[in-house]
Amino acid sequence: MNKMVFKVGDHVVYPTHGVGVITGEETQKIGGVEIRVFVIAFTRDKMILRVPVTRAQIAGLRHVSGDEDITKVISTLKGKAKTKRGMWSRRAQEYEAKINSGNILSLAEVVRDLHKNVDQPDRSYSERMIYESALGRLVGEFAASKKIDQQKATEELLVVLKQVAA
8 MNKMVFKVGD
18 HVVYPTHGVG
28 VITGEETQKI
38 GGVEIRVFVI
48 AFTRDKMILR
58 VPVTRAQIAG
68 LRHVSGDEDI
78 TKVISTLKGK
88 AKTKRGMWSR
98 RAQEYEAKIN
108 SGNILSLAEV
118 VRDLHKNVDQ
128 PDRSYSERMI
138 YESALGRLVG
148 EFAASKKIDQ
158 QKATEELLVV
168 LKQVAA
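Numbering (the numbering used here), first residue to last: 8 to 173.
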């Protein structure tokens, strides 16, 4: 596995939190040991995360997806929704695992699969929350990758999803 280089100002993806910006690098003393950490700001969640520099890649920190991955995301969203039968609780766990994996294609699959029921009033609260969580993460990375604001990114992704539904 090749070593990723991160620097202050980089937009990065942390698997369980989505897109953030490295705002600094600092040394913290923990248990008498000095540790270098990246300071990552997640503006959407109004949160600051400190990740040890030596553990960043192991923790799943990565750069925002490039054009090639964004193209794959669009084609995933255009694909046919794969709805599994079975208990919602088990599917919900699978969707949550995909969302927290940090993999943008997994996020796109969740959005695609749950978008079909987006306007149905009988949709469960948990299904709506999982969909919104996945869409929010996907929008965040899509916006950072394309260097556009979140509103524009949301509009572009919803246009793709609505084309499939039509």
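Glycine included, every Cβ here is placed at the ideal spot set by N, Cα and C. Everything numeric in this text was worked out from a predicted model, so none of it was measured.
Handout entry: E148 to Y21 span [Cα, whole Å]
Key = 11 Å
Practice task
Report all residues from its chain with a CB closer than 6 Å to the CB of M54; omit the five preceding and five following residues, and keep chain order.
Solution key: none
Handout entry: Spatial neighbours of V171 in its chain, beta-carbon cut-off 6 Å, leaving aside the 5 residues before and after
Key = K85
Practice task
Please report how far the alpha carbon of A151 lies from the alpha carbon of T23, in whole angstroms.
Solution key: 17 Å
Handout entry: Under 8 Å between C-beta atoms of I42 and G27
Key = no
Practice task
Inspect the beta-carbon positions of V58 and E32 and report whether they are closer than 8 Å.
Solution key: no
Handout entry: Coarse secondary structure for R51, derived from DSSP in three states
Key = Coil.
Problem - Same chain only: Cβ atoms within 6 Å of H122, ignoring 5 sequence neighbours per side - result: Answer for H122: L168, listed in chain order.
Problem - Segment limits, beta strand (DSSP E) that includes H18 - result: Bounds of the beta strand (DSSP E) holding H18 are H18 to Y21.
Handout entry: Outcome for A104 when other beta-carbon atoms lying within 10 angstroms are tallied against a minimum of 16
Key = exposed
Exercise for the section: Specify whether the region 128-136 and the region 91-105 touch according to this definition: at least 3 beta carbon pairs, one from each stretch, less than 8 Å apart. Expected result: The answer is yes - the region 91-105 touches the region 128-136, with three or more Cβ pairs under 8 Å.
Exercise for the section: Along the beta strand (DSSP E) that carries K36, what are the first and last residues, could you check? Expected result: G25 to I37
Exercise for the section: Report yes if the CB atom of R119 is closer than 8 Å to the CB atom of A88, and no otherwise. Expected result: yes
Problem - V71, DSSP secondary structure in three states - result: In the structure shown, V71 sits in coil (DSSP, three-state: anything other than H, G, I, E or B).
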